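Protein chains in written order, with the numbering used here: chain A, 16 to 521; chain B, 302 to 552.
Where a beta carbon is used, it is the ideal one built from N, C-alpha and C, also for glycine.
Just so you know, these numbers come straight off a predicted model, no measurement behind them.
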């Protein structure tokens with residue numbers, strides 16, 4: 016065992032870079048594969064250019080131990096790809112190739128991720144003209160050839176009011192043999208713009224990494240910044256963040272179940288949930304003035320407090336909304352015609368889910384217990400969630416039912432937290448960030464685990480900021496779920512994942 | 302079936318009475334900024350310098366706010382530290398011209414109705430194609446909300462359609478990333494003439510939080526001729542609906 020090579024730490028710790036051993040690539044590789052074969056999974060994996068080469072950091076989550084583990088190495092130019100032995104790294108390695116021009120030799124699927132210019136003045140590994148902005152979607156798509164095999168290309172502009180992405184289906188009749196998803200259209204260069212010191216501008220950018228996960232991303236970011244400053248937020252601030260996070264989950268889960276119902280033509284639930292989702296968004300606006308939680312979470316605490324009257328108002332509102340929500344869900348999940356479309360559609364096996372490194376709703380629906388609230392608690396979360404919500408079938412029904420059960424759990428969590436809200440302040444200013452350090456934070460957003468990591472330079476300024484939205488892991492899950500399905504089930508499968516384009520594209 | 306009907310009765314009729322009845326927005330909602338009329342030149346200069354999104358500027362001896370750049374920040378330094386403005390509860394923000402978003406005093410020129418010809422064409426039936434060009438999905442989500450029974454956009458003859466070929470106009474969200482620029486222009490080109498362009502949200506108007514991004518275009522800019530600007534980050538659904546109804550001469 017190579018356990019001694021790992022730096023193990025709990026959530027909230029800030030690791031000085033000097034304490035981090037730089038492993039030989041072969042030792043790094045061996046340790047990482049050994050960990051992943053055991054009980055760990057890759058939460059984040061990113062590069063950091065230095066004069067000597069490209070530093071690589073792997074952050075592994077050892078969920079049941081409540082621990083994170085760090086591995087560090089350096090490569091220059093080409094290195095043997097880890098993906099053939101560890102498929103959950105496939106996008107991370109493509110990302111490194113695109114950003115820094117290092118080629119993972121033997122990567123089975125080496126294509127651009129977001130279609131931007133390299134971050135360093137290096138040769139483009141796909142041989143594209145460095146003077147021109149890459150053309151999104153310009154890559155070799157996997158193709159199936161044969162009689163009656165046809166290709167369906169969709170996007171980037173889709174039929175609904177949704178974000179852009181490009182999908183290529185290889186079909187035989189109705190049956191999808193393969194789906195390839197090419198994104199990057201929403202790429203705004205966020206990670207690059209977060210370098211420096213945290214400011215109102217970077218906070219507003221963090222709030223819009225994925226606008227439907229504002230609380231998830233800002234909470235992960237602020238926890239991470241607080242870890243770097245060695246200055247935990249006050250208990251009341253943690254509690255209000257937790258309430259915001261669960262309100263965000265409620266709005267999105269209720270909206271998603273409505274959308275699932277809409278996609279199988281079950282209009283009552285679709286209509287009711289559309290309205291109920293708005294009611295939960297309005298509760299968020301009661302709290303902070305914005306339906307999407309803009310302005311609530313800030314490094315050092317939160318900006319809005321709850322007084323007795325507002326607590327009472329929210330509790331009373333939940334008393335009305337909960338039975339209406341249950342009523343809207345029950346008619347859907349009790350209808351045989353709905354179940355006939357949900358059950359068995361878009362199934363993913365637990366092995367595939369584990370190999371692809373799925374997180375959040377998609378992982379929980381396959382029977383994987385992965386919930387940062389449970390494994391990597393922060394602040395109030397210590398006694399927050401004690402029961403994982405999982406389903407085992409891995410199909411559309413399972414993903415819907417995880418949402419249904421999480422909705423009920425969220426309502427209870429909000430009620431409990433409101434009733435035992437810690438007294439005291441909600442904000443204290445952040446101390447300066449520790450220099451030459453690395454910190455990581457996980458937050459269970461409504462889609463799944465949001466991971467923010469940063470490295471500071473000698474002055475304590477952020478010199479590398481890394482974001483992993485749950486969608487980064489889970490888009491591969493959607494592609495896998497479509498195999499062997501009818502193409503007409505794509506909208507339903509897609510809604511059952513409801514992944515973020517901008518959270519992936521950054 | 303009976304359960305479904307019973308649930309239908311319980312859920313009741315939820316479509317808002319808007320525009321006949323004004324909506325009640327949460328107390329903490331941040332709408333139209335009110336500028337303080339009495340500011341010393343020093344405080345005005347400090348307020349202008351404090352907005353990192355360049356939404357404030359000095360125009361002669363007056364403070365001017367650009368609603369197209371304002372992100373309605375809860376921690377607006379110009380409001381909190383310099384007392385230069387306060388956010389009112391007024392959700393009506395949409396305007397027809399970029400310069401109408403520049404506000405100096407109480408007078409805020411809201412969106413004008415379309416010209417006679419356009420109004421005759423679109424006044425009672427407006428079909429829009431939405432394009433997200435780097436949006437964070439909050440603008441998109443709160444436009445989608447207009448289709449729910451609470452707002453019921455369809456009752457005003459307005460509808461989001463699946464194809465640009467079916468559309469009378471385009472509604473753009475997002476700062477227009479380099480990767481979406483050509484798809485946006487292609488979609489616009491695919492809409493038959495005459496057509497409208499609506500910029501919804503701070504990103505589409507002037508880049509929002511991503512103004513200056515190396516991968517963005519700071520919003521629509523001069524790429525397309527805009528007929529309606531809807532400020533906000535994201536705009537409240539009532540802000541968008543108010544703007545659309547004013548454009549169609551329904552408010």
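Nearest CB-CB separation between residue 456 of chain B and chain A: not below the 9 Å threshold. Chain order gives no chain B residues near residue 123 of chain A, where near means a beta carbon separation below 8 Å; the closest approach is about 25 Å. For residue 208 of chain A, the closest Cβ of chain B is nearer than 9 Å. The beta-carbon of residue 424 of chain B is placed no less than 9 Å from the nearest beta-carbon of chain A. Against chain A, the beta carbon of residue 372 of chain B has neighbours under 7 Å at 219, listed in chain order. Residue 162 of chain A is classed as exposed because its beta carbon has fewer than 16 other beta carbons within 10 Å across all chains shown.
Rounded to whole angstroms, the gap between the alpha carbons of residue 167 of chain A and residue 185 of chain A is 7 Å. For residue 51 of chain A, the closest Cβ of chain B is not nearer than 9 Å.
Residue environment: residue 178 of chain A is assigned as buried (16 or more neighbouring CB atoms within 10 Å of its CB, all protein chains considered).
Taking the CA atoms as reference points, residue 74 of chain A sits about 59 Å from residue 416 of chain B. Residues of chain A with a Cβ closer than 7 Å to the Cβ of residue 431 of chain B are, in chain order, 176.
For residue 28 of chain A, the three-state secondary structure derived from DSSP is coil. Residues of the segment 333-355 of chain A with a Cβ closer than 9 Å to any Cβ of chain B, in chain order: 338, 339, 342, 343, 345, 346, 349 and 350.
Residue 157 of chain A counts as exposed, since fewer than 16 other C-beta atoms from the protein chains shown sit within 10 angstroms of its C-beta.
A direct Cα-to-Cα measurement between residue 343 of chain B and residue 39 of chain A gives close to 59 Å.
Per DSSP, reduced to three states, the secondary structure at residue 186 of chain A is strand. In the DSSP annotation of this structure, the continuous segment of the beta strand (DSSP E) that includes residue 479 of chain A starts and ends at 477-483.
The beta strand (DSSP E) runs of length 3 or more contained entirely in the segment 238-295 of chain A do not exist; there are none. In summary, residue 77 of chain A is buried, with 16 or more beta-carbon neighbours lying within 10 Å of its beta-carbon over all protein chains present. Contact of residue 133 of chain A with chain B by beta-carbon distance below 7 Å is absent, the smallest such distance being about 13 Å. In terms of Cα proximity to residue 421 of chain A, the closest of A:386, A:438 and A:278 is A:386.
DSSP places residue 473 of chain A in the coil class of the three-state scheme, outside both helix and strand.
Looking at the DSSP output, residue 94 of chain A sits in a beta bridge with A:119.
Residue pairing for residue 472 of chain B: DSSP places it in a beta bridge opposite B:431 and B:499. Taking 9 Å as the CB threshold, residue 347 of chain B stays off the interface with chain A. Residue 406 of chain A and residue 364 of chain A have their C-alpha atoms roughly 12 Å apart. At a cut-off of 4 residues, the continuous stretches assigned as alpha helix (DSSP H) that sit fully inside the segment 39-92 of chain A are 40-52. If only complete runs of 4 or more residues are kept, the segment 326-395 of chain A shows the alpha helix (DSSP H) at 351-357, 365-371, 375-379 and 387-390, in order along the chain. In the three-state DSSP reduction, residue 317 of chain A falls in the strand class (E or B). In the structure shown, the three-state DSSP call for residue 416 of chain A is helix. Taking C-beta atoms as the reference points, residue 57 of chain A and residue 101 of chain A count as a pair closer than 9 Å. Collapsing the DSSP output to three states places residue 539 of chain B in a helix. Per DSSP, the unbroken alpha helix (DSSP H) holding residue 509 of chain A starts and ends at 505-512. For residue 237 of chain A, the nearest beta carbon of chain B is not closer than 9 Å to its own beta carbon. The Cβ atoms of residue 522 of chain B and residue 502 of chain B do not sit closer than 9 Å to each other.
Taking every protein chain shown into account, the CB of residue 483 of chain A has 16 or more other CB atoms within 10 angstroms, so this residue is buried.
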